[in-house]
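To start, the structure itself, in structure tokens.
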Amino acid sequence: MPVAEPQDDTNVVRYEVSDGIAWVYFNRPEKRNAMNPATNRVMTDVLDEIEFRDDVKVLVLTGEGDAWQAGMDLKEYFRETEAQGLRGVRKSQRESYGWFRRLRWYQKPTIAMVNGWCFGGGFGPLCACDLAICADEAKFGLSEINWGILPGGGVTKVVVDFMSMRDAMYLTLTGEAIDGKTAAAWKLVNESVPLDQLKGRVEELAKTIMEKSPSAIKAAKDAVRRVKEMTYDNAEDYLVRAQESANFFDNESRKEGIKQFIDDKSYKPGLAAFKRDE
Ligand code: COA
1 MPVAEPQDDT NVVRYEVSDG IAWVYFNRPE KRNAMNPATN RVMTDVLDEI
51 EFRDDVKVLV LTGEGDAWQA GMDLKEYFRE TEAQGLRGVR KSQRESYGWF
101 RRLRWYQKPT IAMVNGWCFG GGFGPLCACD LAICADEAKF GLSEINWGIL
151 PGGGVTKVVV DFMSMRDAMY LTLTGEAIDG KTAAAWKLVN ESVPLDQLKG
201 RVEELAKTIM EKSPSAIKAA KDAVRRVKEM TYDNAEDYLV RAQESANFFD
251 NESRKEGIKQ FIDDKSYKPG LAAFKRDE
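This is how it looks when you write it as structure tokens:
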């Protein structure tokens with residue numbers, strides 16, 4: 001694993017854009033990419049910079065080195081901000097929770113590409129991403145209990161939302177780390193693949209999503225998150241309005257999608273997406 005030079009505040013997150021994918025890296029490999037206040041601030045700026053770029057269709061969040069990220073930085077996020085009193089604590093919480101929230105409702109579809117360690121606070125961005133693919137070699141754990149706290153910062157909420165109560169409770173109370181295949185079986189991620197296939201699989205998934213109408217993708221991903229909290233009738237009403245509002249941004253896609261199937265017979269929606277003019 002390459003060991004980075006001592007870091008200034010700006011390179012704790014880096015990104016590159018290629019073929020429609022923004023690859024965003026946690027970039028403190030020598031600290032296993034633990035999230036310090038600088039990471040939280042720079043990540044907010046990076047998310048701002050790329051959200052509405054026309055050349056970004058999908059965002060992939062990953063880590064440099066052998067960690068995805070080792071959760072909150074125990075020294076800089078906890079100890080040093082606590083030394084500043086409640087004002088410091090609340091500020092650092094706002095900065096981290098703020099970008100997790102941005103990511104949950106991001107304009108572009110997001111994929112967590114979990115290449116290694118993923119602990120504690122890392123479950124926030126993990127579950128904020130729309131999809132997650134990990135390496136079999138990755139390790140996931142709610143290590144909070146091992147150093148004497150409960151999983152805060154929304155972590156307990158997201159594990160209960162994503163996993164069964166039994167699995168969430170097991171991770172929470174034991175602090176044991178599970179591997180990628182177990183994380184997939186427990187529905188914390190979509191899939192687990194060998195590390196040497198991870199990037200290829202994520203590119204393939206990103207390409208599949210990129211073929212669809214971007215406005216439909218945004219409306220659909222928000223709908224999945226929103227309806228989870230709703231009664232059936234509220235969800236039905238929300239979905240009618242969400243589709244009508246999506247039509248405001250793009251009223252042609254679905255008409256074209258219907259036409260290519262019914263009139264042109266050029267594709268089958270059950271098997272693929274219709275051809276879109278870029
Ligand atoms: N906060 C602060 N520093 C961290 C960190 C974290 N969450 N995770 C790793 N680091 C630092 C270590 O202190 C060490 O720093 P040093 O080189 O100045 O001594 C460096 O990163 C490398 O960590 P190390 O423990 O030597 O790496 P490893 O590969 O042997 O082990 C982990 C990796 C992830 C298993 C281990 O670092 C770990 O348990 N980290 C804490 C995970 C955690 O509890 N996170 C939840 C916070 S909510």
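1 is the number of the first residue of the sequence shown in the working numbering; add one for each residue after it. We put the beta carbon where it would ideally sit given N, CA and C, even for glycine.
Residue burial classification, residue i (beta-carbon count within 10 angstroms, cutoff 16)
{"i": "Phe100", "result": "buried"}
{"i": "Asn251", "result": "exposed"}
{"i": "Phe26", "result": "buried"}
{"i": "Leu150", "result": "exposed"}
{"i": "Met35", "result": "buried"}
{"i": "Val58", "result": "buried"}
{"i": "Met230", "result": "exposed"}
{"i": "Val12", "result": "buried"}
{"i": "Trp117", "result": "buried"}
{"i": "Ser192", "result": "buried"}
{"i": "Phe119", "result": "buried"}
{"i": "Ala135", "result": "buried"}
{"i": "Glu203", "result": "buried"}
{"i": "Gly148", "result": "exposed"}
{"i": "Leu271", "result": "exposed"}
{"i": "Pro6", "result": "For Pro6, the predicted model reports a pLDDT of 46, less than 50, meaning its position is unreliable; a value from the coordinates is still stated below. Looking at its Cβ environment, which holds fewer than 16 other Cβ atoms inside 10 Å, Pro6 is exposed."}
{"i": "Gly200", "result": "exposed"}
{"i": "Tyr232", "result": "exposed"}
{"i": "Thr10", "result": "exposed"}
{"i": "Asp277", "result": "exposed"}
{"i": "Glu49", "result": "exposed"}
{"i": "Phe249", "result": "exposed"}
{"i": "Arg32", "result": "buried"}
{"i": "Met1", "result": "Residue placement at Met1 is poorly supported in this model, since its pLDDT is 43, which falls under 50; the coordinates are not used for a value here."}
{"i": "Gly85", "result": "exposed"}
{"i": "Val155", "result": "buried"}
{"i": "Pro269", "result": "exposed"}
{"i": "Arg28", "result": "buried"}
{"i": "Val240", "result": "exposed"}
{"i": "Arg53", "result": "exposed"}
{"i": "Trp68", "result": "buried"}
{"i": "Pro194", "result": "exposed"}
{"i": "Pro185", "result": "Contrary to the premise, residue 185 reads as Ala rather than Pro in this sequence. Classification of Ala185: exposed, given that the 10 Å Cβ count is below 16."}
Residue i Cβ short of 7 Å to the ligand SAM heavy atom set
{"i": "Phe119", "result": "Within the structure as shown, the ligand SAM is missing, the only ligands being the ligand COA."}
DSSP beta-bridge partners of residue i
{"i": "Val363", "result": "Residue 363 falls outside the range modelled here, since the chain spans only 1 to 278, and no answer is possible."}
{"i": "Ser18", "result": "Ile21"}
{"i": "Cys134", "result": "Val114, Ser192"}
{"i": "Met230", "result": "Paired residues: none, contrary to the question."}
{"i": "Lys139", "result": "Trp117, Asp179"}
{"i": "Met35", "result": "Met72"}
{"i": "Thr62", "result": "Tyr25"}
{"i": "Ala67", "result": "Trp117"}
Assumed close pair residue i, residue j - CB separation to whole angstroms, cut-off 8 Å
{"i": "Ile279", "j": "Phe123", "result": "A query on residue 279 cannot be resolved here, the shown segment of the chain reaching from 1 to 278 and no further."}
{"i": "Thr182", "j": "Leu142", "result": "Actually they do not touch by this definition, with Cβ atoms about 13 Å apart."}
{"i": "Val227", "j": "Ala235", "result": "4 Å"}
{"i": "Gly121", "j": "Gly153", "result": "5 Å"}
{"i": "Gly309", "j": "Asn146", "result": "Examination of residue 309 is not possible in this model, given that the chain is present from 1 through 278 alone."}
{"i": "Leu47", "j": "Leu103", "result": "7 Å"}
{"i": "Val60", "j": "Met113", "result": "5 Å"}
{"i": "Trp105", "j": "Asp237", "result": "With 8 Å as the limit, Trp105 and Asp237 do not qualify as a contact, their Cβ atoms being about 20 Å apart."}
Stretch pair the region 78-95 + the region 216-231: three plus CB contacts closer than 8 Å: no
Three CB pairs or more closer than 8 Å across the region 58-76 and the region 93-109: yes
Cβ contact check for the region 102-109 and the region 163-176: 3 or more pairs under 8 Å: no
The region 118-132 / the region 240-251 touching (three or more Cβ pairs under 8 Å): no
Sufficient close CB pairs (3 or more, under 8 Å) joining the region 84-91 to the region 38-45: no
Touching by the beta-carbon criterion (3+ pairs, under 8 Å), the region 199-218 and the region 11-21: Because the criterion of three Cβ pairs below 8 Å is met, the region 199-218 and the region 11-21 touch.
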